[in-house]
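Residue numbers (my numbering), protein chains in the order written: chain A, 18 to 282; chain B, 18 to 282; chain C, 18 to 282; chain D, 18 to 282.
Don't be surprised by glycine CBs; every beta carbon is placed ideally from N, CA and C.
Take a look at the structure set out below.
Number of protein chains: 4
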Amino acid sequence: MGSFKLLRKMLGTEDFTSSTGLVTTIRSLVAEALGVALIVFVGCGATLNFVTSTDIVQIGLTFGCITFACVQWGFSMSGAHLNPAITLGILLTGRLGWLRGFLYIGSQCFGALGGSFLLQVLAPRYHHGHLGTTYLFPGGVDPTCQSGDCIIGNVKPWQGFGIELMVSLVLVLVYLSATDPLQSEDETTNVPLAMGLAVAGVHLMAFPYTGCGANPARSLGPAVIAQQWDNHWVYWAGPLAGGMLAACLHRFVFSSFRRHQRHQY
Amino acid sequence: MGSFKLLRKMLGTEDFTSSTGLVTTIRSLVAEALGVALIVFVGCGATLNFVTSTDIVQIGLTFGCITFACVQWGFSMSGAHLNPAITLGILLTGRLGWLRGFLYIGSQCFGALGGSFLLQVLAPRYHHGHLGTTYLFPGGVDPTCQSGDCIIGNVKPWQGFGIELMVSLVLVLVYLSATDPLQSEDETTNVPLAMGLAVAGVHLMAFPYTGCGANPARSLGPAVIAQQWDNHWVYWAGPLAGGMLAACLHRFVFSSFRRHQRHQY
Amino acid sequence: MGSFKLLRKMLGTEDFTSSTGLVTTIRSLVAEALGVALIVFVGCGATLNFVTSTDIVQIGLTFGCITFACVQWGFSMSGAHLNPAITLGILLTGRLGWLRGFLYIGSQCFGALGGSFLLQVLAPRYHHGHLGTTYLFPGGVDPTCQSGDCIIGNVKPWQGFGIELMVSLVLVLVYLSATDPLQSEDETTNVPLAMGLAVAGVHLMAFPYTGCGANPARSLGPAVIAQQWDNHWVYWAGPLAGGMLAACLHRFVFSSFRRHQRHQY
Amino acid sequence: MGSFKLLRKMLGTEDFTSSTGLVTTIRSLVAEALGVALIVFVGCGATLNFVTSTDIVQIGLTFGCITFACVQWGFSMSGAHLNPAITLGILLTGRLGWLRGFLYIGSQCFGALGGSFLLQVLAPRYHHGHLGTTYLFPGGVDPTCQSGDCIIGNVKPWQGFGIELMVSLVLVLVYLSATDPLQSEDETTNVPLAMGLAVAGVHLMAFPYTGCGANPARSLGPAVIAQQWDNHWVYWAGPLAGGMLAACLHRFVFSSFRRHQRHQY
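Written out as structure tokens, the structure is:
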């Protein structure tokens with residue numbers, strides 16, 4: 018295969034040149050945009066809980082359930098990445114063309130903006146807050162502090178980066194292994210459930226630390242609409258680094274387990 | 018096919034003319050009524066929590082689990098719509114005759130009345146409240162307000178309509194894709210789980226906003242028994258509009274993905 | 018078939034006459050006893066929460082998860098009824114011999130006593146309470162009441178009976194349909210998950226009303242160990258009536274749906 | 018087969034002598050270490066909840082979801098024991114070589130140290146607490162006590178041992194039956210879900226009593242990093258005894274159910 022052909026294969030130009038490919042690609046972009054819009058609308062909407070006090074379980078389970086629902090209806094259309102970190106992981110394992118991958122990420126961001134805008138319109142203005150923007154836990158002022166940096170208990174940006182990296186690592190590892198074609202004969206893998214429970218788990222842990230982005234598109238939407246950009250780089254760098262690390266682990270350590278090498282009793 | 022034949026096919030008269038069809042139809046109506054009755058009895062019963070303070074997670078998971086249970090036993094009998102919005106979505110995708118569809122909706126409403134009445138009888142009178150009627154979050158009086166409309170933080174009827182539309186869109190999209198015959202070879206789809214988690218997710222988000230009807234029959238039952246009709250139109254118009262939108266998206270954008278066009282890695 | 022043969026078939030004497038049958042029967046009794054013991058130990062242990070205030074979600078999910086776990090390991094051994102109401106339902110649908118059925122119920126009660134005794138031993142004495150005994154919500158004294166019955170908001174015994182009946186109806190309907198051999202080709206039914214979620218759902222609803230027995234054996238264990246017998250009949254009559262009603266519905270209305278009559282789109 | 022051959026088979030030397038075996042073994046050790054590291058990082062990270070008050074549901078569901086996620090991606094690599102008690106149970110049922118088994122336990126402990134260290138680095142120092150160390154509920158001082166041991170309501174070490182034994186029994190029984198090759202034709206068993214829900218259930222119950230180790234590696238990690246060794250033996254002896262008991266029950270009572278002896282209706 019010549020290098021030109023290789024390039025075309027990497028870019029995945031056949032996703033656009035045939036009419037079937039083009040229609041499929043457009044539909045998958047619509048699915049990605051609508052999926053992320055619903056996740057942002059429902060998940061961030063749950064963080065604006067104005068009836069009871071902050072309830073991490075409510076927020077974590079809402080993100081988990083709506084991710085489950087969107088993967089359930091979107092999986093057969095676009096693979097239901099619904100997350101730039103997952104799209105990056107898939108790209109690095111070579112299962113998707115790069116052109117289509119970048120369009121996915123664009124669609125996801127566009128969908129997140131739409132979901133966040135809709136939430137701003139439909140939620141009572143008085144309870145908007147920051148529309149579910151992710152932010153690092155601010156800590157408080159040390160009462161015994163006399164000078165210097167008197168803030169204690171805050172999550173520092175590099176700590177937030179590490180936490181976002183770790184929780185995204187979990188999500189992308191689960192996605193890559195659950196959808197690995199080498200394991201696809203295993204009928205018991207329920208991909209929507211796998212993603213839903215993984216998303217619920219990482220939100221239940223990381224919400225107090227960073228608000229649990231674990232998804233750059235989900236963090237971008239409210240940031241644009243509410244114009245809150247503090248430490249926004251953390252919510253892109255962390256998940257994308259986690260996605261890259263997961264893809265490397267999957268490709269070089271784990272994925273080479275062929276079916277006949279699976280652990281068997 | 019003549020237009021008369023087409024009409025008969027659309028109405029689904031064969032559901033009534035053969036004795037097998039008639040028996041099957043009657044049984045499916047019993048299943049729809051009993052299913053909605055159990056959802057209303059158990060779900061609304063959970064909102065009358067007189068032991069701890071309002072707990073959105075308790076309410077959301079109760080609705081999710083009882084929906085799961087009713088879809089589990091009812092799916093092979095009637096398809097377990099248990100929701101006029103889902104029945105409308107199914108009708109618009111042409112999978113059910115219109116006569117039977119409208120009887121389903123009637124059965125669902127009848128079942129909701131029964132479940133709500135039973136709850137009124139079995140719950141301690143002192144804790145009845147409104148038997149779990151759905152209502153728009155009323156907000157509060159702005160203390161700095163001097164004249165005019167001093168209510169702040171309330172959910173306006175058109176906002177409630179939008180939220181009910183969005184959450185019903187999620188439910189109907191999940192139902193339509195999980196039960197799509199074109200995807201039925203996919204053995205891993207667990208329809209009861211899909212509906213249960215989707216219902217749990219939307220309740221966890223929308224309960225503070227609108228009480229989360231997302232099901233006109235579920236909203237009708239307590240409204241009749243407790244005679245609370247404020248903004249009741251929202252709980253019909255929103256879910257039915259959401260069901261229509263989901264059916265259009267499914268039919269014209271997503272459903273035309275044939276199996277050989279499924280997203281594959 | 019003569020009436021004697023019919024009687025032997027109903028009683029299921031072949032469960033005891035062959036050596037294979039006898040071994041299988043004894044093992045299934047061990048499984049039922051251990052399963053109920055674990056449910057009572059873990060579930061009732063969760064009600065003795067001495068760290069945070071009463072949390073219905075914690076209690077409901079604990080009962081759901083431990084039921085899931087016990088059905089997961091016990092289903093292939095005894096069918097994992099783990100509940101006299103379910104055993105009664107199975108008996109009335111004719112899937113089990115009556116002799117074995119009554120031994121199941123005995124094993125379940127014995128296991129519940131064991132689990133409850135173990136909890137009394139292993140829990141700190143100061144926090145025993147009533148070891149998770151089920152009781153009817155007592156309500157409170159009406160401050161404006163001057164004479165007569167001044168208790169308001171309590172759940173009356175006949176109301177408790179009705180609630181126990183309804184929640185057991187849900188459990189037994191789900192069990193009967195999920196394990197119906199006529200539906201057994203449907204590979205997606207996850208019986209442990211079905212029972213776990215159904216149990217979680219009914220506890221989340223009924224815990225404030227009656228403590229949610231929904232299982233006479235589970236109610237018997239703590240009642241014996243803690244010697245709390247108030248309204249104990251409710252926790253036998255309700256679930257058994259619910260099991261009977263579910264068996265009748267399943268047998269005469271729903272179960273006659275043969276596979277070729279399943280609802281199909 | 019000579020006794021030397023039998024010994025080699027028991028030790029599982031073929032896991033190391035062939036190059037395929039060696040590569041597979043090393044990969045499985047990496048998977049065990051990474052899996053336990055993620056469980057400890059995410060699960061113990063959830064116990065350091067500095068935003069709301071202690072929430073047992075949040076902690077229990079986090080451990081359940083992250084265990085689900087790690088079993089989901091790790092099952093095909095190492096069997097995803099992720100717990101020395103489960104490895105011991107598997108060893109006693111003869112499904113794994115002893116050499117590999119002990120290396121698994123070493124990997125799990127190493128992973129737990131890594132996860133705990135990472136949590137210490139990434140969590141705000143002010144909220145470290147004991148990094149999620151498991152400890153026995155300390156009770157309080159009896160105000161009416163005048164002399165002697167005035168602590169009441171505490172969990173005594175032997176009680177903690179019993180509780181850890183029981184909850185580990187549940188986990189290992191579920192693991193052994195869900196992965197039993199004799200039941201492996203049963204397509205509906207979702208092993209990650211089984212382990213996730215079982216872990217969630219036991220944490221929801223046992224967290225107030227012992228912090229719910231149920232996994233010696235998970236208890237070791239924070240103990241080393243935070244240097245908290247009170248009653249640490251409980252968290253090794255209890256789970257390992259539970260694993261042994263589960264293996265005996267599975268092997269001598271339950272596992273001899275061959276497929277043709279499965280409970281059938």
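Going along the chain, which residues of its own chain have a beta-carbon closer than 6 Å to the beta-carbon of residue i, five neighbours each way excluded?
i                      : result
residue 78 of chain D  : 217
residue 54 of chain C  : 128, 131 and 132
residue 237 of chain D : 126 and 129
residue 268 of chain D : 110
residue 114 of chain A : 28, 29 and 32
residue 192 of chain A : 103
residue 118 of chain C : 104 and 108
residue 67 of chain A  : 144
residue 213 of chain A : 81, 84 and 85
Per DSSP, which residues does residue i bridge with? Please list them.
i                      : result
residue 122 of chain B : Bridge partners of residue 122 of chain B: none, in fact.
residue 157 of chain B : B/169
Beta-carbon within less than 8 Å of residue i's beta-carbon, same chain only, minus the 5 sequence neighbours each way: which residues are those?
i                      : result
residue 116 of chain C : 28, 29, 30, 32 and 33
residue 74 of chain C  : 221
residue 168 of chain A : 155, 156, 157, 158 and 159
Roughly how far, in whole angstroms, is the beta-carbon of residue i from the beta-carbon of residue j, given that I think they are within contact range, below 8 Å?
i                      : j                      : result
residue 105 of chain B : residue 257 of chain B : 6 Å
residue 239 of chain C : residue 61 of chain C  : 6 Å
residue 229 of chain C : residue 151 of chain C : 7 Å
residue 270 of chain A : residue 47 of chain D  : 6 Å
residue 110 of chain B : residue 264 of chain B : 5 Å
residue 215 of chain B : residue 86 of chain A  : 4 Å
residue 69 of chain C  : residue 69 of chain B  : Actually they do not touch by this definition, with Cβ atoms about 11 Å apart.
residue 141 of chain D : residue 172 of chain A : 5 Å
residue 59 of chain C  : residue 219 of chain D : 7 Å
residue 234 of chain B : residue 180 of chain B : Actually they do not touch by this definition, with Cβ atoms about 18 Å apart.
Can residue i be considered in contact with the ligand COA, in the sense that its beta carbon sits closer than 8 Å to one or more heavy atoms?
i                      : result
residue 252 of chain A : Looking at this structure, you won't find the ligand COA or any other ligand, since it has none at all.
Beta-carbon within less than 7 Å of residue i's beta-carbon, same chain only, minus the 5 sequence neighbours each way: which residues are those?
i                      : result
residue 291 of chain A : This structure leaves residue 291 of chain A out entirely; chain A is present only between 18 and 282.
residue 254 of chain C : 178
residue 63 of chain D  : 75, 76 and 79
residue 134 of chain C : 242
residue 23 of chain A  : none
_For the region 168–186 of chain B, list every residue whose C-beta sits within 7 Å of some C-beta in chain C, in sequence order._
none
*asked:* Count Cβ pairs between the region 204–215 of chain A and the region 85–93 of chain A that sit closer than 8 Å; are there 3 or more?
replied: yes
*State whether the region 130–150 of chain B contacts the region 179–190 of chain B, with contact taken as three or more CB pairs (one from each stretch) at a distance under 8 Å.*
no
*Check distances from the C-beta atoms of the region 207–235 of chain B to those of chain A and list, in chain order, the residues that come in under 8 Å.*
207, 210, 211, 214, 215, 217, 218, 219, 221, 222, 223, 224, 225 and 226
_Along the region 188–199 of chain D, where does the CB come closer than 7 Å to a CB of chain C? Name the residues._
190, 191, 194 and 195
*Looking at chain C, which residues of the region 67–90 of chain D have a Cβ within less than 8 Å of any of its Cβ atoms?*
70, 71, 72, 73, 74, 77, 78 and 81
*Name, going along the chain, the residues of the region 140–156 of chain D whose beta-carbon falls closer than 9 Å to a beta-carbon of chain C.*
154 and 156
*Residues within the region 86–117 of chain B neighbouring chain C, beta-carbon criterion of under 7 Å*: 86, 89, 90, 93, 94, 95, 96 and 112
*What residues in the region 56–67 of chain B bring their beta carbon closer than 7 Å to a beta carbon of chain C?*
58, 59, 62, 63, 66 and 67
_At a CB distance below 8 Å, what residues from the region 40–51 of chain B approach chain C? Give them in sequence order._
41, 44, 45, 47, 48 and 51
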